[in-house]
Amino acid sequence: MSGFAYRIQDGSASRTSVQDALTGAGDMVWVHLTTTAEHAQGWLRGAASLPDYVVDPLTAQETRPRCDALDDGAFVNLRGRTEEELDPSDMLASVRIWAEQGRVISVTRKHLLATDAVEKDVTEGRVLDPGDIITAFATAITADLDPVVADLGDDLDDCEQQLDAAHAFALRKSVTRVRVEAINYRRFLNPQRAALEKLASMPANWLGTDDRAHLAAAADRAARMAEEVEAIRERASLIHEALTDLRAEQLDQRSLIISIAAMVFLPLTFITGLYGMNVQGLWFAEQPWAFDAIAGLCVVIAVAVTGWFVARHWLR
């Protein structure tokens, strides 16, 4: 089982092993586990002495952002970015946090980028209580997601600037990618905002006034990002419809050109087919100038039909 732990005393943090984290003295201890459910469950039930109704959500495989008050503590599940490979339909990894007076236990299956920022806050003495740990996670996760959501909007701006039939195929792929990512982020941002708001209003004595303010700010930021990805999703849908219209218009134009070409050659095909028959009685078939006359007639007919299309403005 991999992980680390910090024991915090008077604002000073000292790193220790997971096995020794709960045996020493200190104002607070933070234990972070990066492991599978089977390995974590044994330590959580044994060394941490947590009840099953806390261990189960900490080790659940399918999770979504939530916050629940349990006894004198709180269970919080948040979603953030990771550099490890994830399922394309689930682009954010989860961190499950159990917080109570003097103790915080966090569990992840994938390494969250926000974990490094939280650990930095701990080592620099900016974490004094359990509320600071959760606030640090919430702030780091939203700060990490913010530029990613902004980049999605920038990608969509670039697609809108290149919106024409010549780039339709490449743009369709880009717009689809942006739309799928926006939908995936939206799935978690709205419940994450609700979880942070619920935690900020929770009557826990280990949550200070500054913690509640920071949690409310993180919830507001998550709400803003949720609104932004919703706007991105709607814009992507509109661009997709515009690309579909451009594609249909392009097909209509090509069909028109083919139809015009067919109309030009239709009478010519009739004349050449008629005089290509091996029968007697065709007009001027025995005259030496017949071929030149028929070829000239075909040219005149082709020019006349083309001129008629031009006059009707069908060749624009």
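Residue 1104 in the numbering used here sits at position 182 of the sequence shown, with consecutive numbering throughout. Where is the CB? At the ideal position from N, CA and C, for every residue including glycine.
Is residue i near residue j, with beta carbons less than 8 Å apart?
i, j, result
"residue 1100", "residue 1158", "yes"
"residue 1027", "residue 970", "yes"
"residue 1058", "residue 1070", "no"
"residue 1021", "residue 1066", "no"
"residue 952", "residue 1097", "no"
"residue 949", "residue 931", "yes"
"residue 1169", "residue 1090", "yes"
"residue 928", "residue 936", "yes"
"residue 975", "residue 955", "no"
"residue 1104", "residue 1056", "no"
"residue 980", "residue 1017", "no"
"residue 1019", "residue 1040", "no"
"residue 1216", "residue 1193", "yes"
"residue 989", "residue 1085", "no"
For residue i, count neighbouring C-beta atoms within 10 Å of its own C-beta (all shown protein chains included) and say buried if the count is 16 or more, exposed if not.
i, result
"residue 1211", "exposed"
"residue 1147", "buried"
"residue 1128", "buried"
"residue 1054", "buried"
"residue 1166", "exposed"
"residue 1061", "buried"
"residue 1107", "buried"
"residue 1201", "exposed"
"residue 1024", "exposed"
"residue 1052", "buried"
"residue 1074", "buried"
"residue 943", "buried"
"residue 1205", "exposed"
"residue 1006", "exposed"
"residue 1133", "buried"
"residue 1195", "exposed"
"residue 1208", "exposed"
Going by DSSP in three states, residue i sits in which element: helix, strand or coil?
i, result
"residue 1130", "coil"
"residue 1169", "helix"
"residue 1177", "helix"
"residue 1086", "coil"
"residue 1021", "strand"
"residue 1219", "helix"
"residue 921", "What the structure shows of the chain is the stretch from 923 to 1238, and residue 921 is not part of that stretch, so it cannot be assessed."
"residue 1073", "helix"
"residue 929", "strand"
"residue 1003", "coil"
"residue 1159", "helix"
"residue 1239", "Residue 1239 is absent from the structure shown; the chain starts at 923 and stops at 1238."
"residue 1096", "helix"
"residue 937", "strand"
"residue 1229", "helix"
"residue 996", "strand"
"residue 1204", "coil"
"residue 1102", "helix"
"residue 1234", "coil"
"residue 1031", "coil"
"residue 951", "strand"
"residue 986", "coil"
"residue 969", "coil"
"residue 943", "coil"
"residue 1026", "strand"
Less than 8 Å between the CB atoms is what I'm expecting for residue i and residue j, so what's the real figure, rounded?
i, j, result
"residue 987", "residue 1000", "6 Å"
"residue 1032", "residue 1064", "With 8 Å as the limit, residue 1032 and residue 1064 do not qualify as a contact, their Cβ atoms being about 18 Å apart."
"residue 1135", "residue 996", "Contact flag wrong, Cβ pair sits at about 17 Å."
"residue 957", "residue 925", "7 Å"
"residue 1141", "residue 1119", "5 Å"
Do the stretch 1227-1234 and the stretch 1179-1190 meet, that is, are 3 or more Cβ pairs less than 8 Å apart? By the C-beta criterion, the stretch 1227-1234 is judged to be in contact with the stretch 1179-1190, since at least 3 inter-stretch pairs fall below 8 Å.
Stretch-stretch touch, CB-based, cutoff 8 Å, three pairs: the stretch 1108-1125 with the stretch 1140-1154: They touch, by the three-pair rule.
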